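A.B. asks: Can you read through this structure? Questions will come right after.
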Amino acid sequence: MASVLPSCSPSRLHPSSRLFFSSLPSSPAFINRDSHVSNRRSRKVCSLTNSSSAEEFASVSRPGSLRRDALLGLLLSAASLPLLAMESSAESELQGGFRSYEDMTNKFKILVPEGWLVGAGETNNIKPVTAFYPDEQASNSNVSIAITGIGPDFTTLGSFGNVDTFAENLVNGLDRSWQRPPGLAAKLINSKAANGLYYIEYTLQNPGGKRRHIISAIGMASNGWYNRLYTVTGQFMDDESDKYQSLVEKSVSSFKLIQS
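In this text, residue positions in the sequence shown follow my numbering: the first is 9, and each later residue adds one.
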């Protein structure tokens, strides 16, 4: 019998959202560690701290096309991880230190490190969001999957440009190192297209802060009514690379869309 990954504590999702975007002048909603939690049956609800939307942030970040701005809005929203934590109904099976997590409702599967917790929920702009992270209070490492509906003019990933253009636009939209005083520094490490997905690796670092490594996989699929953008985001800090880098890399690279 396939097992179900343990549910998350909502406040545990705080590090990956607040620290990730705290330096940005305008960022998506995020969860505070001290967020109030109310229990209703098995569902836990977190209060969110709201700021300007990711779409607004994207539109003023740098000059560019409407497609680029729309893409940045989706990806910035996806990376911020505001979500409601609840029991997960997706099934998983153990495979050599990883669990194969399969969500038949949202048509994706991914390998998740054994022992990591899972949270799933919805936000106003992104439906749904699923996050996986180690059961360690101090860790900032995690992998998240956000699914967002997109307009009919976005028919393939190529609608956003090739993978190199896609990656440069994303990272340039995050970078604030050109400001005076300098803000968040974003640096593109690598980008490639494979298996119908775009893979992007980059780093983020606040002035005087630790460097955060981001590994993303982006895909697109239809649910029968409209196209949806899948954004898989894995992250780990420099000082956690020995422990989590290989786990995050394997998890993100294992992501696959399930064909209907």
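Yeah, the Cβ is synthetic: ideal placement off N, Cα and C, and Gly gets one too. In this text the structure is predicted, and so the values were computed from the model without any measurement.
Would you call the stretch 226-240 in contact with the stretch 152-168, where contact means no fewer than 3 C-beta pairs closer than 8 Å?
C.D. replies: yes
A.B. asks: Spell out a yes or no on whether the stretch 224-233 and the stretch 244-257 are touching, meaning 3 or more CB-CB pairs, one atom from each, closer than 8 Å.
C.D. replies: Contact between the stretch 224-233 and the stretch 244-257 is not established, with fewer than three Cβ pairs separated by less than 8 Å.
A.B. asks: What does the alpha-carbon distance come out to for the pair Ala146 and Asp183?
C.D. replies: 26 Å
A.B. asks: In terms of residue numbering, what span does the beta strand (DSSP E) encompassing Phe106 cover?
C.D. replies: 106-111
A.B. asks: Quick check on the burial criterion: 16 or more other C-beta atoms within 10 angstroms. Buried or exposed for Gly104?
C.D. replies: exposed
A.B. asks: For Asp111, count the other beta carbons within 10 Å of its own beta carbon; 16 or more makes it buried, fewer makes it exposed. Which is it?
C.D. replies: buried
A.B. asks: Can you check whether the CB of Val256 is closer than 8 Å to the CB of Ser149?
C.D. replies: Yes. Within cutoff.
A.B. asks: Look at Tyr206 and Val171 and say whether their C-beta atoms are less than 8 Å apart.
C.D. replies: yes
A.B. asks: Give me the residue from Arg107, Thr113, Phe116, Leu165 with the minimum Cα distance to Glu122.
C.D. replies: Among Arg107, Thr113, Phe116, Leu165, the Cα nearest to that of Glu122 belongs to Arg107.
A.B. asks: Is it right to say Ala154 is buried, meaning 16 or more other beta carbons lie within 10 angstroms of its own, or is it exposed?
C.D. replies: Label assigned to Ala154: buried.
A.B. asks: Our contact map puts Val151 next to Ser259 with C-beta atoms below 8 Å; I'd like the distance itself, whole angstroms only.
C.D. replies: 5 Å
A.B. asks: Would Ser224 and Ile208 be called neighbours here (beta carbons separated by less than 8 Å)?
C.D. replies: yes
A.B. asks: Who are the near neighbours of Gly216 in its chain, counting only those whose CB is closer than 7 Å to its CB and skipping five residues on each side?
C.D. replies: none
A.B. asks: CA-CA distance, Thr173 and Thr211?
C.D. replies: Cα atoms of Thr173 and Thr211: separation of roughly 17 Å, rounded to the nearest angstrom.
A.B. asks: Restricting to Cα atoms, I'd like to know which of Asp143, Glu144, Gly127 is closest to Pro136.
C.D. replies: Gly127
A.B. asks: List the DSSP bridge partners of Leu125.
C.D. replies: Tyr141
A.B. asks: Measuring alpha carbon to alpha carbon, tell me which of Arg188, His221, Ala175, Arg219 ends up nearest Lys200.
C.D. replies: Ala175
A.B. asks: Tell me the DSSP secondary structure of Gln187 in three-state form.
C.D. replies: coil
A.B. asks: Sort Ile226, Ala202, Pro189, Gln253 by Cα distance to Arg220 and report the nearest one.
C.D. replies: Gln253
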